[in-house]
Each structure stands twice: as structure tokens, then as C-alpha cells.
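A.B. asks: Chains as they are written, first to last, in our numbering: chain A, 186 to 430; chain B, 186 to 430. Every residue, glycine too, gets a C-beta built ideally from N, C-alpha and C.
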DNA sequence: AGCGGCTAATTGTCTATACAATAAAGTCCC
DNA sequence: GGGACTTTATTGTATAGACAATTAGCCGCT
């Protein structure tokens, strides 16, 4: 029983990390398949000449990464490769553009205090006419418009926003400093540019645009709602991601 | 020095978790601000009457979550709330649609072995004319088309794909079982539907569509390339996410 | 002032041990 | 056979102690 033929460590880096790599390699190579049971911590601990706590840490972290599943008394199993749960990271333009080696530009077009319009009040779960700071601005990369930002900030939660002045800096950075947030919700969709939007983005009316909507929460209250529109042809979001960490 | 006035644990659940919650609460409440230094592990261990290993685990996990930053000899600090690094999870239609309580439907339109067309060969980093399995299919929710999938599978890596038969099941599920993958890359963009695409999706020509492209890697080789097109108006991807875990 | 080396504070890891919690498997009794 | 109880393998957590690795800060020298 327990044919634990040589799982071998490579001697590079911390032991728990070596164990993680060794187990990962076994799974990757197909030697251990989804549903297979691994040797128990006690067995591994002995066969690897490591403390059980060290083995435990390795297996625990692999479990957090979704590579393993563990059940008390039953054992540790190779996880079924679940959803290719891919993630798309959504980044702040003011940071992403310089990171790509392009010149970042910002232009503020609107910065005013207004009562909440119907649709916005609903999206922000606020009573009709609640006071909001409304900002409209453009982000450019090497002079080309890559994002049109429409932003509403809940003045009941962040009264300072009314006097922050978004002429020089976008609301993104300011909010990051001013507002701790607990949760965010994103929606991605595609729309045809209407005449007004087309003019602002400098694209033909009807052109496809990528829209990212973001609601940021403080507990159950919506702190801010943003609608970020990108010319579809001109801008794409790319993210590379690996499951193992 | 070190005014560690009462960080208090609540007695619910594991100690390391209590510590995580207590520290998180401090940061959330603003009592500890970005850049502030926390008491050392030794101090916390004493003031909380917990072993240093336990404190270490709590702080380590919070560091992995990006809430803290740690430097040897310097100490543990509250992290600058970095990018509101928002994540959009990309899900498999065959799973996502039933999860939303809608009836999932699948229809295969093409399932053939072909030499790689120019653009695809380039995207998959393959020589021109390499053998690929080409699948085109539709995913519906309550009868409405929500995704048009164009899929190319590298037969050099997965020869079984030629005889898998994608008439009943989409390539997504099959690939999940057949192909271990190490990395994936996603690109999101928006396009105007051309005549052909409009017909297939059942939308007006020129309608905005959301396009998700996915390349899945095995090491440096591209296993499969997928182009998933969604009618922009009819479908949006939403994801809620919180930074603390 | 600047450079180099020493000291010590702090995190990072590993170990051995202990006990708690869980749940699979077995046992007994009807 | 099946339900209730007991056993026991396995993971989950906590602890104390040790040493390694890193590096900020200090001291001394030039």
C-alpha cells in the first residue's frame, strides 16, 4: 500500500515551496490525475523527511490555489480542473498607459455638483435627486483618446469630492486615496456609439465601443459609479494569467 | 513606545483568522493608515497571547491578499491601496447559463480538420498550414443566442480533437478534461458585426458585439485559440469582487 | 561627508509536539 | 438490513523553540 515512489525535492528555496513544486509537477505530468488521492500528510512527511507542518503548509497553499481538495479523515485529492476560471484584470488608465510606454494625457470636461439623474440614482441605490459630484473626462495615450470616463461620486459619503478639483488629476487616483472600499462590481458590455459619444471619442457614429461599468461599495452603500467607454477598435484589454500562482 | 492599545480578538473561529479580522478591521476603520507600521510579530504575539507562528500566519495571509507589506528587519506596514486591481472572471457558458437559472442550449455548426488560415496560424504561433481542428458553435440561453464560439485546436498537441465530435458537447468542456494548460491569455474588445456574423448571431449588421479572445498555453505552445463573440446589447459580463478575500 | 563594516531587530522558515474537529469505517444490537 | 454508537485515520490548528536571511541603523574611519 501507498506506493509513494520517489517524490523528490530539488533543494531550491524553502522546503514548503519545493513540495508545492513537486506536487504540482506530478499533477501537471498526469502522474496524479483529478480525483486521485495523495499520500497523507504523515506519509509525505516521512517520505520527504520534512515536518508535517511543512507538508501541511504546502498542501494548504495548493488547496487555496485550487489544485487540491482536502477532506478531514478522507484525505487529500487532486481537484477536478474547474472552470478555466480566467480572470481579466482591469487597470487604472493613469497607471496602465505609462506602463505600456505611452504618453498619458488627461483632460477634464465636466466637474460639477448635481442632483442624481434617474438612471444613476437607480444604479447607485440612492433616492432620486441625491447630491452627486459628476465628472466627465478623457484619457489619452500618445494623444489618442483611449477612454471616456463618466463618474458619479456619492457626496453623502465623500463630501470632499465637491471641492477636490478634478481638472488636473482623474477621479481614479483621488478616490483611491480618499475612499476605502470593500467591494467592487464590474460589468463589461459593447455598445454602438451614439452621436454625442462618437464626437467625444472621435469615432464614427455607430462605431462599436467597449463599456466597463464599475460600482464601488463601502459596505452596502455605493461610493462611486463609473462608466468607462473605450473605442472598440482602438483599444483592447489583455491579461495573461496562470492558475498555479 | 509601541502604543499597542487593545487589538482584541472576538473568540470566533481559529485564532489566526481572528487576528486577520482584527487587523483588517483596524485598517478598514482608518485606525491604521497606508504606510503605518504595525507592531512586530513578537509584540503582537505577546499582546494577543498567541504564538508567533500564529501571528505570522495571519500577517502572511494578509500580505498575500495585498493588505500588508512586509520587509525583514523593517517591519510590517499597511499597504498602499494599489491599483483598484479589479478582476473580471471569465466563465464557461455551459456552466454560467444554468447557474443563472436559464436553459442552456448548444448547436454545432462546423467541426472540421483544416490547415491553419493565415491569421490563426499567426495568433497560435504556428507555421502556415499546420493542421487544426476548427469548430464553430452557438451557445443559447432560454433560446436566445448569447455566444458565438470560433475555436481552433492544435492537432499537433491534441490529435484526439479530430475525432472527439463536438456535435453534442462544446469544445470548452472537452478541452478541460483533455488538455492540461499552464497559462491563458485573454483579450476583450468590441467590434461592429459584419454581415456574416450578424446573420449568425441574429442581430442587425453593424451592431456592437463584445469579443473575448482566449489563447491557452502548454508551456510555450498554444493549445487552443478561441474567439467568443457576444451580442453587445443582449449580453454583459458582470463580476463582483472584494479585495480582502 | 562618504564609505565600510558591525549589530541587532525583524521577518521567514523549519521542527516536534499536542490536541481538536471531522467524518469514514467498523461494530453492535435489534 | 439498518440504525445507533464507537473507533480511528486524517486534516486543521496552536504552540514553543530554534536558526536563517535580510537589512536598517549605528559606529568608526578616512
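Quick check on residue 188/B: buried or exposed, where buried means 16 or more other Cβ atoms within 10 Å of its Cβ?
C.D. replies: At residue 188/B the pLDDT is 39, less than 50, meaning the model places this residue with poor confidence and gives no usable figure here.
A.B. asks: Which residue wins for smallest C-alpha separation from residue 339/B, given the options 371/B, 372/B, 302/B?
C.D. replies: Measuring from the Cα of residue 339/B, the nearest candidate turns out to be 302/B.
A.B. asks: Could you check what DSSP says for residue 258/B in three-state terms: helix, strand or coil?
C.D. replies: Residue state, collapsed to three classes: coil.
A.B. asks: Would you kindly report the start and end of the unbroken beta strand (DSSP E) that includes residue 403/B?
C.D. replies: 393-403 is the span of the beta strand (DSSP E), which, as asked, contains residue 403/B.
A.B. asks: Is the region 403-415 of chain A in contact with the region 202-212 of chain B, if contact means three or more CB pairs nearer than 8 Å?
C.D. replies: Result no; under three Cβ-Cβ pairs closer than 8 Å.
A.B. asks: From residue 381/B to residue 397/A, what distance separates their C-alpha atoms?
C.D. replies: Rounded to the nearest angstrom, the two C-alpha atoms are 27 Å apart.
A.B. asks: Using alpha carbons as the reference points, say which of 286/B, 321/B, 283/B lies closest to residue 293/B.
C.D. replies: Selected option, being the one with the closest Cα: 321/B.
A.B. asks: Quick one, which residues of the region 382-396 of chain B are near chain A if we go by CB-CB under 9 Å, in chain order?
C.D. replies: Going along the region 382-396 of chain B in chain order, one finds 391, 392, 393, 394, 395, 396 with a Cβ nearer than 9 Å to chain A.
A.B. asks: Using 8 Å as the limit for Cβ to Cβ distance, is residue 310/A near chain B?
C.D. replies: No, because no Cβ of chain B sits closer than 8 Å to the Cβ of residue 310/A.
A.B. asks: Give the DSSP bridge partners of residue 337/A, in chain order.
C.D. replies: In the DSSP output, where bridge partners are listed per residue, residue 337/A has 319/A, 410/A.
A.B. asks: For the region 221-234 of chain B and the region 256-263 of chain B, state whether three or more C-beta atom pairs, one from each stretch, are separated by less than 8 Å.
C.D. replies: Contact holds: three or more Cβ-Cβ distances are below 8 Å.
A.B. asks: In angstroms with no decimal places, state the Cα-to-Cα distance between residue 430/B and residue 242/B.
C.D. replies: Because the pLDDT at residue 430/B is just 38, under 50, the model does not fix this residue reliably, and the point stays unresolved.
A.B. asks: What does residue 285/B reach in chain A if we use C-beta pairs closer than 9 Å?
C.D. replies: Neighbours of residue 285/B on chain A: none; closest Cβ ~14 Å, over 9 Å.
A.B. asks: By Cβ distance below 6 Å, which residues in the same chain neighbour residue 412/B in space, the five residues on each side in sequence not counted?
C.D. replies: These residues qualify, in order along the chain: 335, 398.
A.B. asks: Within 8 Å, do at least three Cβ pairs link the region 387-397 of chain B to the region 279-299 of chain B?
C.D. replies: No contact exists between the region 279-299 of chain B and the region 387-397 of chain B.
A.B. asks: For residue 196/A, name the three-state secondary structure that DSSP assigns.
C.D. replies: Coil.
A.B. asks: With a cut-off of 8 Å, does the C-beta of residue 405/A fall near any C-beta of chain B?
C.D. replies: It does not; no Cβ of chain B falls within 8 Å.
A.B. asks: In the DSSP assignment, the alpha helix (DSSP H) including residue 358/B goes from what residue to what residue?
C.D. replies: Here the alpha helix (DSSP H) through residue 358/B covers 356-363.
A.B. asks: Of all Cβ atoms in chain B, is any one closer than 8 Å to the Cβ of residue 205/A?
C.D. replies: No, no contact with chain B.
A.B. asks: Could you tell me how far apart the beta carbons of residue 255/A and residue 244/A are, in whole angstroms, since I believe they sit closer than 8 Å?
C.D. replies: Confirmed, about 7 Å.
A.B. asks: Secondary structure at residue 380/B, three-state DSSP: helix, strand or coil?
C.D. replies: Here residue 380/B sits in helix by DSSP.
A.B. asks: Using only alpha-carbon positions, find the residue among 304/B, 249/B, 327/B that is nearest to residue 282/B.
C.D. replies: When only C-alpha atoms are compared, the closest one is 327/B.
A.B. asks: Which word fits residue 285/A, buried or exposed, when buried means at least 16 other C-beta atoms lie within 10 angstroms of its C-beta?
C.D. replies: Label assigned to residue 285/A: exposed.
A.B. asks: Taking a cut of 8 Å between CB atoms, which residues from the region 242-253 of chain B lie near chain A?
C.D. replies: Within the region 242-253 of chain B, no residue has a Cβ that lies closer than 8 Å to any Cβ of chain A.
A.B. asks: What residues in the region 192-217 of chain A have a beta carbon less than 9 Å from any beta carbon of chain B?
C.D. replies: Listed by position, the residues of the region 192-217 of chain A near chain B (Cβ gap below 9 Å) are 212, 213, 214, 215.
A.B. asks: Could you tell me if residue 238/B is buried or exposed, where buried requires 16 or more neighbouring beta carbons within 10 angstroms of its beta carbon?
C.D. replies: Exposed is the call here.
A.B. asks: Between the C-alpha atoms of residue 383/A and residue 371/B, what's the straight-line distance to the nearest angstrom?
C.D. replies: Those two C-alpha atoms are separated by around 27 Å.
A.B. asks: Locate the beta strand (DSSP E) running through residue 367/B, then write down its first and last residues.
C.D. replies: Unbroken run through residue 367/B: none, as it is neither H nor E.
A.B. asks: Suppose contacts are defined by Cβ-Cβ distances below 8 Å. Is residue 363/A in contact with residue 402/A by that definition?
C.D. replies: No; because the gap between Cβ atoms is not below 8 Å, this pair is not in contact.
A.B. asks: List the residues that DSSP assigns as beta-bridge partners of residue 290/A.
C.D. replies: According to DSSP, residue 290/A bridges with 325/A.
A.B. asks: Tell me whether the region 351-367 of chain A and the region 302-317 of chain A touch, counting them as touching only if at least three CB pairs, one residue from each stretch, are closer than 8 Å.
C.D. replies: The answer is no - the region 302-317 of chain A does not touch the region 351-367 of chain A, with fewer than three Cβ pairs under 8 Å.
A.B. asks: Just list the residues that DSSP pairs residue 332/B with in beta bridges.
C.D. replies: Residue 332/B pairs with 324/B.
A.B. asks: Who are the near neighbours of residue 345/A in its chain, counting only those whose CB is closer than 7 Å to its CB and skipping five residues on each side?
C.D. replies: Excluding sequence neighbours, residue 345/A sits near 363.
A.B. asks: Counting only C-beta atoms, is residue 413/B closer than 8 Å to chain A at any point?
C.D. replies: Answer no: the Cβ-Cβ gap between residue 413/B and chain A never drops below 8 Å.
A.B. asks: With 8 Å as the threshold, decide whether the Cβ of residue 374/A is near any Cβ in chain B.
C.D. replies: Answer yes: the Cβ-Cβ gap between residue 374/A and chain B drops below 8 Å somewhere.
A.B. asks: Residue range of the alpha helix (DSSP H) that residue 237/A falls in?
C.D. replies: Taken as a continuous stretch (DSSP letters only), the alpha helix (DSSP H) holding residue 237/A covers 237-249.
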